[in-house]
Amino acid sequence: MTVNVTVTGAAGQIGYALLFRIASGQLLGPDTPVRLRLLEIPAAVKAAEGTAMELDDSAFPLLEGIDVTDDAKHAFDGTNVALLVGARPRTKGMERGDLLEANGGIFKPQGEAINSGAASDVRVLVVGNPANTNALIARSHAPDVPAERFTAMTRLDHNRAIAQLSKRLDAAVADVKKMTIWGNHSATQYPDVFHAEVRGQNAAQALNDAEWLRDTFIPTVAKRGAAIIEARGASSAASAASAAIDHVHTWIHGTPEGDWTSMAVVSDGSYGVPEGLVSSFPVVCKDGKWEIVQGLDINQFSRERIDASVRELEEERDAVRELGLI
Ligand code: NAI
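Read in the working numbering, the sequence shown has 235 at position 251, and its numbers run on one by one without any break.
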């Protein structure tokens, strides 16, 4: 059956990298035809139409149609997978409250449109920053959609952490399992290797280097976005699109046996993360559903870092609550 996929911010740089991979079958698999809905602001509709022309020109066998619109209601009508990429970036002199408010103006109506028009199996991935809190805003305006269908992306951080660890230990990325990103997709995120495995061995033991972990690994993963901007002169786009593909593909098709992934999902109170916050956890996916991995021992080093990131999420939640956005 054809799957309707909505992509917001379709004319942006992540959109440009993402759409072709969706249309080629990498999001849903090689047997699933897809219909794309591209949502943009009016000023960028023409650019999105240009991308749609290029999608046509690629003659993807699985692509059944493309709609470009600036109307959220139309964009989310009947959608099965919604990738919320478009967001308001922080501009010079903008306070955090202004940023949250501007994004509330985007994610509130999009949540409402998903609530009223999306398919009953809709799955939502928020990529646009501040991703966790944007997901919280959208979710709180979609009361008829099960809360677990709203997720935010920390898969790029997860993939970055795997890449850094595999390089350090001279291992293949496929040899790294059970990586975890906890908390917010921001500089406070906590990449946790204490439960990770490399070639079947515990990663922290294999490293045996607390200093590298604290002073190099964690800041490198957390600040990788800034390093990419510095090197490329533009923010990460293809790797972000790749992570979005991974996130949804894993959610639908499942995590491999003996492994898990990281997704920001609505907390049920696990690991002391207040219920309702959209926070990153280790999750396993099966039969199209995610579940937080339970029973992990959290050491003091990890506890402090998880708590700091969760505190930031609470502050963001309190700020959007004060603004009447949730
Ligand atoms: P971009 O600026 O190239 O594109 C954003 C697009 O969103 C623009 O075309 C803009 O017109 C559109 N847009 C703005 N408001 C919209 C609305 N209300 N409805 C539909 N479209 C709207 O930005 P880029 O590089 O594509 O990044 C997109 C977002 O993803 C940013 O917020 C960025 O911070 C975030 N991001 C998140 C990552 C993650 O790991 N969660 C990683 C990398 C980027």
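Even for Gly, the Cβ is constructed at its ideal location relative to N, Cα and C.
Might you give, ordered along the chain, the residues of its own chain that have their beta carbon closer than 7 angstroms to the beta carbon of G167, omitting 5 neighbours on each side?
On the sequence shown, position 183 is the one that residue 167 refers to. Answer for G167: Q173, Y174, S263, S264, I290, S293, V294 and L297, listed in chain order.
Next on the checklist: Let me confirm a value: K92 is counted as buried when at least 16 other C-beta atoms fall within 10 Å, else exposed. Which label applies?
Outcome noted: By 1-based counting over the sequence shown, the position of residue 92 is 108. The residue in question, K92, is buried, as its Cβ has 16 or more Cβ neighbours within 10 Å.
**Message:** Looking only at its chain, what residues have a beta carbon closer than 7 angstroms to the beta carbon of H142, apart from the 5 residues adjacent to it on each side?
**Reply:** As a working mapping, residue 142 is identified with position 158 in the sequence shown. Taken in chain order, the residues that qualify are M163, I165, T245 and S246.
Proximity of N(-12) and G62 at Cβ, strictly below 8 angstroms
Position 4 of the sequence shown, counted from the first residue, corresponds to residue -12. Position 78 of the sequence shown, counted from the first residue, corresponds to residue 62. For N(-12) and G62, yes; Cβs fall inside 8 angstroms.
Determine which residues share a DSSP beta bridge with T53 and list them. As a working mapping, residue 53 is identified with position 69 in the sequence shown. L23, per the DSSP bridge assignment.
Bounding residues of the alpha helix (DSSP H) (the contiguous stretch that carries W166): Stepping through the sequence shown from its first residue, residue 166 is reached at position 182. Not the alpha helix (DSSP H): W166 falls in the beta strand (DSSP E), residues T164 to W166.
key: I318 burial status per 10 Å Cβ neighbour count (16 or more: buried)   = Because residue 318 is not part of the residues shown, which for the chain are -15 to 310, the question remains open.
Can you list, in chain order, the stretches of the alpha helix (DSSP H) that have 4 or more residues and sit fully within the region 78 to 153?
80 to 101, 115 to 124 and 139 to 152
ask   = Does the region 98 to 113 come close enough to the region 191 to 209 that 3 or more CB-CB pairs lie under 8 angstroms?
value = no
* To do: Drop a sphere of 10 angstroms on the beta-carbon of W235, count the other beta-carbons inside from all chains shown, and report buried for 16 or more, exposed for fewer.
  => Locating residue 235 in the sequence shown gives position 251, counting from the first residue. Flag for W235 reads buried.
- Look at L67 and L2 and say whether their C-beta atoms are less than 8 angstroms apart. Position 83 of the sequence shown holds residue 67. Position 18 of the sequence shown holds residue 2. Taking 8 angstroms as the Cβ cut-off, L67 and L2 qualify as a contacting pair.
* Asked: Just checking my contact of E300 with P17 at CB under 8 angstroms: how many whole Å lie between their CB atoms?
  -> Here residue 300 refers to the residue found at position 316 when the sequence shown is read from its first residue. Here residue 17 refers to the residue found at position 33 when the sequence shown is read from its first residue. E300 to P17, Cβ: 38 angstroms. No contact.
**Prompt:** Going along the chain, which unbroken runs of the alpha helix (DSSP H) with 4 or more residues stay wholly within the region 165 to 222?
**Reply:** 187 to 191, 202 to 206 and 208 to 216
Is H58 close to the ligand NAI? I mean its beta-carbon at under 7 angstroms from any heavy atom of the ligand. In the sequence shown, the residue the question calls residue 58 occupies position 74. Checking every heavy atom of the ligand NAI against the Cβ of H58, none is found closer than 7 angstroms.
(Q) On the DSSP letters alone, give me the boundaries of the alpha helix (DSSP H) that M37 sits inside. (A) Looking up residue 37 in the sequence shown gives position 53. Start and end: V29 to D41.
Margin query: Using a Cβ-based criterion (distance less than 7 angstroms to any ligand heavy atom), does G308 qualify as near the ligand NAI?
Written below: Start at 1 with the first residue of the sequence shown, and residue 308 comes out as number 324. The answer is no for G308.
Practice item. Quick one: give me the first and last residue of the alpha helix (DSSP H) that S263 is part of. Key: For the purposes of this step, residue 263 is identified with residue 279 of the sequence shown, where counting begins at 1. No alpha helix (DSSP H) holds S263; the beta strand (DSSP E) holding it covers V262 to K270.
- Item | Pairwise C-alpha distance: E288 and E38 | Translated into positions along the sequence shown, residue 38 becomes position 54. Translated into positions along the sequence shown, residue 288 becomes position 304. Each residue's Cα considered, the two are about 48 angstroms apart.
- Query: Can you name, in chain order, every residue of its own chain whose Cβ lies under 6 angstroms from the Cβ of R139, other than the five neighbours on each side?
  - Reply: Within the sequence shown, numbered from 1, the residue matching residue 139 stands at position 155. If we look at R139 and ignore the five residues flanking it on each side, its Cβ neighbours are A227, D230 and H231.
Evaluate W196 with the Cβ neighbour count: other Cβ atoms within 10 Å of its Cβ, from every protein chain shown; 16 or more gives buried, anything less gives exposed. Taking the first residue of the sequence shown as 1, we reach residue 196 at position 212. Exposed, because fewer than 16 other Cβ atoms sit within 10 Å of the Cβ of W196.
Reduced DSSP category for L297 - H, G, I as helix; E, B as strand; rest coil: Translated into the one-based positions of the sequence shown, residue 297 becomes position 313. Residue state, collapsed to three classes: helix.
**Prompt:** L2 lies in the alpha helix (DSSP H); which residues open and close that run?
**Reply:** Start at 1 with the first residue of the sequence shown, and residue 2 comes out as number 18. Per DSSP, L2 belongs to the alpha helix (DSSP H) from Q(-3) to A7.
> Alpha carbon to alpha carbon, what distance is there between S8 and F44?
Replying inline: Indexing the sequence shown from 1 puts residue 44 at position 60. Indexing the sequence shown from 1 puts residue 8 at position 24. Taking the straight line from one Cα to the other gives about 6 angstroms.
> What do you reckon, are the CB atoms on A(-6) and E24 nearer than 8 angstroms?
Replying inline: Residue numbering aside, residue -6 sits at position 10 when the sequence shown is read from its first letter. Residue numbering aside, residue 24 sits at position 40 when the sequence shown is read from its first letter. In contact: A(-6) and E24 (Cβ atoms closer than 8 angstroms).
From which residue to which residue does the beta strand (DSSP E) around T(-10) run?
Walking along the sequence shown from the start, residue -10 turns up at place 6. From DSSP, the beta strand (DSSP E) with T(-10) extends over V(-13) to T(-8).
Relative to the C-alpha of G242, which residue among T(-8), G217, L261 and A158 is closest?
Taking the first residue of the sequence shown as 1, we reach residue 242 at position 258. Ranking T(-8), G217, L261 and A158 by Cα distance to G242 puts A158 first.
Quick check on DSSP: helix, strand or coil for A248?
In the sequence shown, residue 248 corresponds to position 264, counting from 1. Reduced to three states, the DSSP call for A248 is strand.
*asked:* Assuming the contact rule is C-beta atoms closer than 8 angstroms, V(-9) and V69 should be a hit. Round their C-beta distance to whole Å, please.
replied: Translated into the one-based positions of the sequence shown, residue -9 becomes position 7. Translated into the one-based positions of the sequence shown, residue 69 becomes position 85. Between V69 and V(-9) the Cβ distance is about 6 angstroms, and since that is below 8 angstroms, they are a contact.
Do you know offhand how far T35's Cα is from Q185's?
-> Position 51 of the sequence shown, counting from 1, holds the residue named residue 35. Position 201 of the sequence shown, counting from 1, holds the residue named residue 185. Roughly 45 angstroms between the two C-alpha positions.
*If A312 and R21 are in contact, beta carbons under 8 angstroms, what's the gap, nearest whole angstrom?*
Only positions -15 to 310 of the chain appear in the structure, and residue 312 is not among them; the question remains open.
Exercise for review: Tell me whether R133 is buried or exposed, calling it buried when 16 or more other Cβ atoms sit within 10 Å of its Cβ.
Suggested key: Numbered from its first residue, the sequence shown carries residue 133 at position 149. R133 comes out buried.
Within 10 Å of its beta-carbon, does D82 have 16 or more other beta-carbons around it, so buried, or fewer, so exposed? By 1-based counting over the sequence shown, the position of residue 82 is 98. Answer is exposed; the Cβ neighbour count stays below 16.
*Look at the alpha carbon of V182 and the alpha carbon of A86, and state the distance between them as a whole number of angstroms.*
By 1-based counting over the sequence shown, the position of residue 182 is 198. By 1-based counting over the sequence shown, the position of residue 86 is 102. V182 and A86: Cα-Cα distance of roughly 42 angstroms.
- Query: Where does V157 fall in DSSP's three states?
  - Reply: Here residue 157 is taken as the residue at index 173 of the sequence shown, counted from 1. If DSSP states are grouped into helix, strand and coil, V157 belongs with the helices.
If you draw a straight line from the C-alpha of G238 to the C-alpha of Q148, how long is it?
The residue you call residue 238 lines up with position 254 of the sequence shown. The residue you call residue 148 lines up with position 164 of the sequence shown. Rounded to the nearest angstrom, the two C-alpha atoms are 24 angstroms apart.
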